[in-house]
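The structure appears below as structure tokens.
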Amino acid sequence: MATTDRILKIRNCSIILIVSTDSRFIDTVFCRFSVQEYSKFRSMPINEAAVALAESGKIGALNLLFKRHPYSLSPFVLKVLASIPETVPIQMYGQLLPGRSFPSGVAVRQDDWVECKKMVNFINTSVKNYDVQIQVKTEPLVKHFLGLLWPSIDELSKWYMDRARAMDDFSGQLDNCLSLLEFALRKGISELQQFHQDVLYLHQVIYSDDNDSETGFNMSLVRWGELPDYEKFKFMLKGVKEENVTERLHNRAIPFMREKFHRVSLIEEVTHSTNQNLEESFLVRWLKEIALQNKLDMCLVVIEEGCKNFQSNVYFETEVEAVDCALQCIYLCTVIDRWSIMSAILSKLPQMHGE
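If you're matching positions, the sequence shown starts at 159 in our numbering and goes up one per residue.
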């Protein structure tokens, strides 16, 4: 009983006096003061209170709570922010999104005379009631008791990716996903660069102006991430026609192909791999597939564009690749009334000179 009395005196003199006299804090959290709500708020764990504010979309109150209790909330920052509704614009809580390290410039008020390490030891050894511990541990005491806990880079990267996927699943707002990842990159989570690029490619595919409205693109972020790179390349060219294939290749598919092949080449250089799985580019593979569908007119448009200027060309790696691709397309065509198209394809090829 004596121990409880001493704890209650500490709480009355320190915690209640410090917190309950701040009318701005009360007004921000509760909009209008309610004795019952405030008592309930003070008696619950601070992380549960933060989750409740996040779920209700009270970003202003949540922001104030993070400012006043950074050490108490840092172990729960990811769980709290994941509780914010997916439809809330990222710009409203971008300042709360975590970076590589604990936010700089966070200042906890000066310790009261009772908020010392001796008091931490006293609470740990004397107070067995968890509910009482919650009420007596002020922010300076938590700072002395726990110190600073912050998610690792792996945890942060996974959280951002999971959050982006959840946004797309529950709201379909791909713009919000992109904004989230852009905030993450600005906050130094560079490990998300490739994931951000993949989301950007999907955004271009879904919302591009040159999409045929009759095609009906429908692709979730989760499904997009599961697709092999070549399937993504083909999806970018879904519904393409002869009149827009060049534009679609230049704007989407070719940059995607080059970026993917560049990444794989870098990995092979690092690992000294001798496995030759990249002997055929995405474009060559796709042209051969449409040739099998007897779409030689489309092949002609692409090969003609690809053979215009090899110095600045991004379609084919070499003249040999272009010639080999064109010949395979011709051989793969099964119809017998495309001689003029075949002849036109051959006429666009560069002249090969023997050594």
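Ideal Cβ positions, reconstructed from N, Cα and C, are used throughout, including at glycine. Computed from a predicted model, the values in this text were never measured in an experiment.
Simplified DSSP assignment, three categories, for residue i
i: Y196; result: helix
i: C465; result: coil
i: E475; result: coil
i: S214; result: coil
i: W308; result: coil
i: T296; result: coil
i: F260; result: coil
i: E340; result: helix
i: P544; result: As displayed, the chain neither begins before 159 nor continues past 513, which places residue 544 out of reach and without an answer.
i: R410; result: helix
i: K276; result: helix
Contact set for residue i: own chain, Cβ-Cβ below 6 angstroms, skip 5 residues either direction
i: R267; result: none
i: I204; result: H227 and S230
i: A212; result: L220, V238, S241 and I242
i: E463; result: T404
i: I412; result: V472
Burial state of residue i (16 or more Cβ within 10 Å)
i: W559; result: Because the chain here runs from 159 to 513, residue 559 falls outside it and cannot be looked at.
i: V478; result: exposed
i: D327; result: exposed
i: R410; result: buried
i: M277; result: buried
i: T476; result: exposed
i: H354; result: buried
i: A265; result: exposed
i: L108; result: Nothing in the structure corresponds to residue 108, since the chain is present only between 159 and 513.
i: T283; result: exposed
Spatially closest choice to residue i from the options, by CA coordinates
i: E400; options: L445, C491, A210 and Y229; result: L445
i: N279; options: G263, F260, L304 and V264; result: L304
i: Q331; options: L314, A342, I364 and Q351; result: I364
i: S310; options: S470, Q351, E297 and G257; result: G257
i: R323; options: L379, L504, E417 and P298; result: L379
Cutoff 8 angstroms; reference residue i; Cβ partners in own chain excluding five residues on either side
i: C274; result: H302
i: M500; result: L454, I488 and C491
i: M377; result: L360, V363, I364 and F393
The ligand ZN heavy atom lying under 6 angstroms from the CB of residue i
i: Y196; result: You won't find the ligand ZN in this model; it holds no ligand whatsoever.
Cβ shell of residue i (< 7 angstroms), same chain only, five flanking positions each side left out
i: C465; result: A480, K506, L507 and P508
Checklist line | Three CB pairs or more closer than 8 angstroms across the stretch 342-350 and the stretch 304-323 | finding: yes
Notebook entry, point to check: Is there contact between the stretch 336-345 and the stretch 374-393, where contact requires at least three CB pairs shorter than 8 angstroms?
Noted result: no
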